[in-house]
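Numbering (the numbering used here), first residue to last: 1390 to 1634.
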Amino acid sequence: RAILYPLRPKLSKWFVRSVIMGIWTASILISLPAILYSQTFSLRSQTICILVWPDGLPHISIQDYVYNVIFFVMTYVVPMILMAFCYTRMGRHLWGSSLIGEETPTLLRNYQNKKRVVKMFFTIVTVFGICWCPYHVYFIYVYHDNSIVNKPYIQHVYLGFYWLAMANSIVNPIVYFWMNVRFRKYFIKIFLFIPHLFMSKKSHDHNWNDGTNIELNMIHSCQTSHNGMTVNRTYSSITTSNPSL
């Protein structure tokens, strides 16, 4: 919206909150089966957790198959379509915009940055599709070929697909760092600032401890003076305040 229609008013807070609540509600609903039907079993000195549906185990359950299809559509197909549609529109707008006025180095640099942003959009969509597609296809395929669950290598295949899906969260910042100059600049600044942050924290803790010790010494000095004793900074001595001694 900010790229295609920069002069339009911002979205209302009510609309933004409604969208956020809708996303959270949908996420909770789609995760309910994992809470309701998850069970743990001991198998070959290992404890495994699987979904046991009312009509059977996952690889033979029609309910599990329907759930996997819905999960695939809601968390993969719909996001892919939305991202492809939005990024395509933004890409056409940025890539198709022409330079206005004299072609100065600044304008040319900004134009090249816009093209780089378009490439980054399509890279993000492509990475998302590659990372998550095998994970979703695996669960749907298992229903149609039940014998595959008995293969000795299937656990390694599943873990490979699972790690590939989780790697999407790691790859995205790398893509941003590689293709976005501003992200790279601020990332480097933050990365270089982290050691100073820890050093500042240690210095603060050291100063706080020194200040605490000084306060404790002052309190101790006041208490001992009140009781008829004096405390020297370099050594301790006790004197009585009784005139008769």
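All residues carry an ideal CB built from backbone N, CA and C; glycine is no exception.
Test item: CB-CB of residue i and residue j under 9 Å
{"i": "I1459", "j": "I1419", "result": "yes"}
{"i": "L1471", "j": "K1504", "result": "no"}
{"i": "V1516", "j": "M1479", "result": "no"}
{"i": "D1453", "j": "Y1532", "result": "yes"}
{"i": "M1568", "j": "M1509", "result": "yes"}
{"i": "I1513", "j": "Y1476", "result": "yes"}
{"i": "C1522", "j": "Y1565", "result": "no"}
{"i": "V1441", "j": "S1427", "result": "yes"}
{"i": "I1336", "j": "T1429", "result": "Coverage of the chain is limited to positions 1390 through 1634, which leaves residue 1336 absent and any answer about it impossible."}
Where residue i sits in the DSSP three-state scheme
{"i": "L1400", "result": "coil"}
{"i": "S1427", "result": "strand"}
{"i": "I1449", "result": "coil"}
{"i": "V1405", "result": "helix"}
{"i": "K1540", "result": "coil"}
Distance, residue j Cα to residue i Cα
{"i": "P1398", "j": "V1546", "result": "49 Å"}
{"i": "L1581", "j": "R1571", "result": "16 Å"}
{"i": "I1409", "j": "C1520", "result": "25 Å"}
{"i": "W1403", "j": "N1535", "result": "48 Å"}
{"i": "N1539", "j": "H1525", "result": "19 Å"}
{"i": "Y1542", "j": "W1552", "result": "16 Å"}
{"i": "A1415", "j": "A1423", "result": "14 Å"}
{"i": "N1561", "j": "P1494", "result": "30 Å"}
{"i": "L1548", "j": "P1584", "result": "36 Å"}
{"i": "Q1435", "j": "I1563", "result": "36 Å"}
{"i": "R1498", "j": "G1518", "result": "31 Å"}
{"i": "L1425", "j": "V1462", "result": "21 Å"}
{"i": "F1511", "j": "N1557", "result": "14 Å"}
{"i": "I1559", "j": "R1573", "result": "15 Å"}
{"i": "A1473", "j": "R1481", "result": "12 Å"}
{"i": "N1502", "j": "S1401", "result": "30 Å"}
Buried/exposed call for residue i, threshold 16 Cβ in 10 Å
{"i": "P1447", "result": "buried"}
{"i": "Y1456", "result": "buried"}
{"i": "S1450", "result": "buried"}
{"i": "A1554", "result": "buried"}
{"i": "F1550", "result": "buried"}
{"i": "F1528", "result": "buried"}
{"i": "Y1530", "result": "exposed"}
{"i": "R1406", "result": "exposed"}
Within-9 Å CB hit, residue i to chain D
{"i": "I1470", "result": "Checking the listed chains, one finds no chain D in this structure; it contains a single protein chain."}
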